[in-house]
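To keep things clear, I will list the structure first and then write my remarks on it.
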Amino acid sequence: MRIFLSRLGLAVNGREAIECFKLSLQEHDPYSLICLDMVMPFFDGTYALNEIRLMETNNTDVKTVPIPIAMMTSKEYKRNRSRVLNDSNYVNNQ
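What follows is the structure, encoded as structure tokens:
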């Protein structure tokens, strides 16, 4: 089995997640998948998601399709469901 990994990053909070994504665009090597927790220090997952989508839209150097973003949380709250893109993109962990 062959595993191909082009870029791997780890952020401990929403601010770092946004900075990691910004750096990946500057280096012309965007991520293939992003996993965000709904509840993170500094900026929550929803804020980070919106910032990442805004950077994708405003990016003129690298033409990318929207990168898949998996939003996760250890708690299922109805408000989390409404904060994510829409119910069709929402998966409950229970």
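Residue numbers are given in our numbering: position 12 of the sequence shown equals residue 2, and the series is strictly consecutive. Note that the Cβ used here is the ideal one computed from N, Cα and C, for glycine as well.
**Q.** Cα-Cα separation, residue 49 to residue 15
**A.** As a position in the sequence shown, residue 49 is number 59, starting the count at 1. As a position in the sequence shown, residue 15 is number 25, starting the count at 1. Looking at the two C-alpha atoms, the distance is approximately 8 Å.
Q. Which whole-angstrom value describes the C-beta separation of residue 38 and residue 4, a residue pair presumed to lie in contact below a C-beta threshold of 8 Å?
A. Along the sequence shown, read from residue 1 onward, the residue named residue 38 stands at position 48. Along the sequence shown, read from residue 1 onward, the residue named residue 4 stands at position 14. So it is a contact: roughly 4 Å between Cβ atoms.
Q. Closest by CA to residue 22, which one among 6, 32, 10?
A. Translated into positions along the sequence shown, residue 22 becomes position 32. The option with the nearest alpha carbon to residue 22 is 10.
Q: Kindly list the residues whose CB is nearer than 6 Å to the CB of residue 8, restricted to its own chain and excluding five residues on each side of it in sequence; keep chain order.
A: Taking the first residue of the sequence shown as position 1, residue 8 is located at position 18. So the list reads 38, 41, once near-sequence residues are dropped.
Q) Given a threshold of 16 other Cβ atoms within 10 Å of its Cβ, counted over all protein chains shown, does residue -1 qualify as buried or as exposed? A) Counted from its first residue, the sequence shown places residue -1 at position 9. That one is exposed.
(Q) Restricting to Cα atoms, I'd like to know which of 35, 57, 19 is closest to residue 63. (A) Within the sequence shown, numbered from 1, the residue matching residue 63 stands at position 73. The shortest C-alpha separation from residue 63 is found at 35.
Q: Identify, in the order they occur along the chain, each residue of the same chain with its Cβ nearer than 8 Å to the Cβ of residue 12, setting aside the five sequence neighbours on each side.
A: Counting from 1 along the sequence shown, the entry for residue 12 is found at position 22. Within the same chain, residue 12 has close Cβ partners 45.
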